[in-house]
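Undergrad:
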Amino acid sequence: MTVRFESRKRLLGLAAAVFVLLGAATACQPGALAITADPALYPTFQPAVIDYVNRCDPASPTDVSVNAPAGTTVSVDGQPPRSGSFTAQVSQGVGDRFTLRVTTDAGSTTHHVRCLPLDFLPWRAEKTGVTQSQYYATALPLTFGPAGSYGIVFDTNGVPVWWTENRKRTTLFSLLPNLHFGIELIDGGAQELALDGSLVRSVNTVGGPSDFHDFILLPNGNYLLATAQQQLADLSVWGPPYEADTPVINHVFQEITPAGAVVWSWDTAEHIPVTETTNTWRSEPEPVTGLADPWHYNSVEWAGDGIIISFRHLDAVLKVTKATGDIAWKLGGTTTPDSLTVVGDPVFTGGGSFSGQHDARLQPDGTLTLFDNGSQKSRAPRAVRYRLDLGPGTATLLEQITDPIAPSSFCCGSARRLPGGNWVTGWGGTRHITEQKPDGTRVFRLDGATSTIYQGTPVPFGRLSPSALRDGMEAQYASPTDSQVGTINRLYLAFFLRPADAHGFAYWINLYVDGVAIGTISEAFAQSAEFVRRYGHLTDPEFVRLVYENVLGRTPDSSGYRYWTDLLARRVTSRGGVMLNFSESPEFKAKTNTI
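Printed below as a string of structure tokens:
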């Protein structure tokens, strides 16, 4: 049987076939098509669901059990289609995809099953209606600890259909207008990633570290983000214990070209006095540095002739006119000459305001949406939309959405209104992302089972195709070449006189494909516990003799022996380098019948 290894399935295939039938097909019992797997599919198999994931064990095959009624055939990972009841095995590594092609009289449908990373966090999802978003983007986990995060795209069945691992801590993960992904890092800076997971560009502010909350790609191809820089400010107006020269975090907003040049900037401290910081937030320190945090920006939005900024510790959203740097209007917070009068919003009755808001976004119709956390106000968070009438200076509440799953929100959050009127809300400081109808009816819910979310943003239908996301994942988990497979196999034979075991082979070939030098891998073999157990602690001359015996099956000739021992003595090469030269020789390739 000819076996074609796809993606990293060849990691585990070695000399065996990827697909092994575990028994002849038996007559199918009456009933609907049933497909199960061990490890289990998520979600359980349904003919209408196309994409699935599982938590495979790279050291063990995935068992696929099929019960196909008469008139229906199933092909597991490209093998001949069969009807009846049968079981198959598929070898998977992390990121590997196998297919289930179901054929009936009505036609054929291909289903895709991909293996999750071992440290992928648990989640839950529930779809209860028709969604207007095709996908949902978020980062898990939200952590200020040392761990990294995954940027993830979930479909409406709650299946992670695309992900990328970031070793750094991540807050924002969303789709950019150019169909790349944007990542904002807690440790500073932003990244633009292509669908294949490759880094298109790192973007950093100039003159101070980057703030971790938001960045946007502008229509002209430049980026907009802000610093989180330390400076002194006079906080004595706040009263004790604050002093005239108190270290604070300030934000300078910068428009930055792809080459890293700053072409426009706006300094918060120069335009907004600390007296506008509301009493609610004056004692709330900046989460990374612990310094005083008078403004605490958390979102920025392009508005054509300026930018719209959300400042959590002002309980306010402001528009800045780009040409002049002036504040055009202010919504919420303490009253200033630039403040808009809020109409129809009971929260603003008696001098109230939204509190700790996030994610202020300008809509195509000119309305403004935001996530009102309601922090420290003993009320539930909400997604809200206002009509801005700048002539009379009013902001009229048009919509507000709440959900009983989120009775409070101490931080974070997002609220995005879709063109069809539904809302996708990341209930900040909770584990929940929802899509709701305008009347609040929930049609989708995604929960980070063990992780708080920062935001959750929609990808409307038509922006990304399923095939583009699959192609991106295939590129991230690229197949090793035949040459790479042969090299790792020969190292096992040369060092240990045995074929590679599946688990070890998967580990080393993954490193090789990911860019670790083969000399480094060979040296790891030479220093391995298995090598020492087998041969003991060898001197350099003893090692050279072993190489000749293991690889070439003979004692060394005198000139070759002197050459290699001299290189080792002078540290021109390592033991791994010596073995690699021999294992890659035409003689050993011919002897082992490997490529």
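All the letters of the sequence shown, read from the start, carry residue numbers 16 to 610 under my numbering.
Every residue gets a Cβ at the ideal spot worked out from N, C-alpha and C, and that includes glycine.
Please read all numbers here as calculations on a predicted model, not as lab measurements.
With a Cβ-Cβ cutoff of 7 Å, do W178 and G487 count as a contact?
TA: no
Undergrad: Looking at the strands, I want to know which residues DSSP matches up with E270.
TA: L239, W279
Undergrad: Suppose only complete runs of 4+ residues qualify. What are the alpha helix (DSSP H) ranges in the segment 522-582, listed by chain order?
TA: 533-541, 544-550, 555-562
Undergrad: Does the Cβ of G272 have 16 or more other Cβ atoms within 10 Å, making it buried, or fewer, making it exposed?
TA: Residue identity differs from the one stated: residue 272 is Thr in this sequence, not Gly. Per the 10 Å Cβ criterion, exposed.
Undergrad: Who does T411 pair with in a DSSP beta bridge?
TA: V358, R402
Undergrad: For A605, which three-state DSSP category applies?
TA: helix
Undergrad: For a quick check, are the C-beta atoms of P396 and S424 less than 7 Å apart?
TA: yes
Undergrad: If we call anything under 7 Å between Cβ atoms a contact, is I264 one with E299?
TA: no
Undergrad: Is E258 helix, strand or coil when you go by DSSP?
TA: It is coil, neither helix nor strand.
Undergrad: DSSP on N181, reduced to helix/strand/coil?
TA: Here N181 sits in strand by DSSP.
Undergrad: Go through the segment 307-391 residue by residue and report every complete run of the beta strand (DSSP E) that reaches 3 residues or more, in order.
TA: 312-317, 321-326, 331-336, 342-347, 356-358, 373-377, 383-387
Undergrad: Is it buried or exposed, D572, if we count other Cβ atoms within 10 angstroms and call 16 or more buried?
TA: exposed
Undergrad: In three-state DSSP terms, what is R432?
TA: strand
Undergrad: Whole angstroms is fine: what's the gap from V91's alpha carbon to Q499's?
TA: Cα to Cα, V91 sits roughly 27 Å from Q499.
Undergrad: Quick test of the definition: if touching needs 3 or more C-beta pairs under 8 Å, does the segment 524-533 touch the segment 568-587?
TA: no
Undergrad: Specify the secondary structure class of Q499 as computed by DSSP and reduced to three states.
TA: helix
Undergrad: Give me the DSSP bridge partner(s) of Y625.
TA: Outside the modelled stretch of the chain, which goes from 16 to 610, sits residue 625, for which no answer is possible.
Undergrad: Which term fits Q470, buried or exposed, when burial requires 16 or more other beta carbons within 10 angstroms of its beta carbon?
TA: buried
Undergrad: Please tell me whether D198 and G223 are closer than 7 Å, where the distance is taken between their beta carbons.
TA: Checking the sequence, you will find Ile at residue 198 rather than Asp. No, these two residues do not count as a Cβ contact at 7 Å.
Undergrad: Does DSSP put A508 in a helix, a strand or coil?
TA: Note that residue 508 is Leu in the sequence shown, not Ala. L508: helix per DSSP, three-state reduction.
Undergrad: Could you tell me how far apart the beta carbons of S537 and G591 are, in whole angstroms, since I believe they sit closer than 8 Å?
TA: 3 Å
Undergrad: Around the Cβ of V547, are there at least 16 other Cβ atoms within 10 angstroms (buried) or fewer (exposed)?
TA: exposed
Undergrad: Specify the secondary structure class of L187 as computed by DSSP and reduced to three states.
TA: Correct three-state label for L187: strand.
Undergrad: Straight-line CA distance for D380 to A343?
TA: 19 Å
Undergrad: Which of helix, strand or coil does DSSP assign to R586?
TA: coil
Undergrad: Alpha carbon to alpha carbon, what distance is there between D78 and A40?
TA: Its pLDDT being 41, under 50, A40 is placed unreliably by the model, and the measurement read from it follows with that caveat. Each residue's alpha carbon lies about 15 Å from the other.
Undergrad: Is the beta carbon of A398 sitting closer than 7 Å to the one on A430?
TA: yes
Undergrad: Which class does H127 belong to by DSSP, given the choice of helix, strand or coil?
TA: strand
Undergrad: Nearest to R457 by CA position, among S106, V81, K142, is which residue?
TA: K142
Undergrad: Could you check whether R402 and E414 sit closer than 7 Å to each other, using their CB atoms as the reference points?
TA: no
Undergrad: Less than 7 Å between C-beta atoms, sequence neighbours within five positions excluded: which residues of the same chain meet that for L405?
TA: Sequence-distant Cβ neighbours of L405 in its own chain, meaning closer than 7 Å and more than five residues away, are W344.
Undergrad: Per DSSP, what kind of secondary structure is T41 in: helix, strand or coil?
TA: Low per-residue confidence applies at T41: pLDDT is 42, beneath 50, and the placement is therefore not dependable, though the value from the model is reported in the following sentence. Strand.
Undergrad: Let's test the definition: count the other Cβ atoms within 10 Å of the Cβ of P473 and tell me whether it reaches 16, buried, or not, exposed.
TA: buried
Undergrad: According to DSSP, simplified to helix, strand and coil, what is A83?
TA: strand
Undergrad: Count the other CB atoms, across all protein chains shown, that sit within 10 Å of the CB of A605; report buried if there are 16 or more and exposed otherwise.
TA: exposed
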